[in-house]
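Colleague:
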Amino acid sequence: ALPISPLAGPASRKLQGQKIRNWEPQRGLAFLHSVEYKDGELIVPKTGLYYIYGQTYFRYWEAADSSPADSLSVARNAQMVQYIYKNTAYPEPILLMKNTRTICWAKNREYELHSIYQGGVFQLNYRDRIFVTVSNVSWVDMAAGSSFFGAFLVS
């Protein structure tokens, strides 16, 4: 086996974000091969090292009837964050990866588009479950090719 040693900060035990539950597992570019999908989670079929990846495409629309003060408040409080977790026999989900997008909001904008991609190699055990949460699920564009999530066995 090849030497490998990913290091990380202390584990976070608090689930953050809102879970994306409506991934498309069969149509278009999506498929499942020897992997189960249930309620937004991929269920690991075999213990090993997996490359896990995910992209979320955020689309923020300015409400036509919103006041400039409302817009400024939303913009100041807006964070686009993607989290990837695993569920194990441990009672709390374990954070594997976190990525954020910080941007300068354009004045007089009608909408903003931003994507976050991340990937990494992790040890997963049989029947572990992996899933994605985001800071604001209502901003995620689930169109094919825009937002996606998956994993494949490396060794």
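In this text, residue positions in the sequence shown follow full-length UniProt numbering: the first is 1, and each later residue adds one. For glycine and all other residues, C-beta sits at the position ideal for the given N, C-alpha and C.
(1) With C-beta atoms as the reference, is GLN16 less than 8 Å away from TYR117?
(2) On the DSSP bridge assignment, give the partners of TYR126 in chain order.
(3) With DSSP run on the structure shown, which of helix, strand or coil describes TRP61?
(4) Relative to the C-alpha of ALA144, which residue among LYS14, PRO25, LYS98, THR133 is closest?
(5) Candidates ILE52, LEU113, HIS114: which alpha carbon is nearest residue 227's?
(6) Ignore the nearest five residues each way along the sequence and tell me which others in ALA69's own chain have a CB closer than 6 Å to its CB.
(7) Check this for me: beta carbons of PHE152 and TYR50, under 8 Å apart or not?
Modeller: Per the coordinate set shown:
(1) In this structure, the beta-carbon distance from GLN16 to TYR117 does not fall below 8 Å.
(2) None; TYR126 has no bridge partner.
(3) strand
(4) Measuring from the Cα of ALA144, the nearest candidate turns out to be PRO25.
(5) Because residue 227 is not part of the residues shown, which for the chain are 1 to 155, the question remains open.
(6) Model confidence at ALA69 stands at a pLDDT of 49, short of 50, so the residue's coordinates are unreliable; what they give is reported in the following sentence. Correct list: empty, nothing qualifies.
(7) In this structure, PHE152 places its C-beta atom within 8 Å of the C-beta atom of TYR50.
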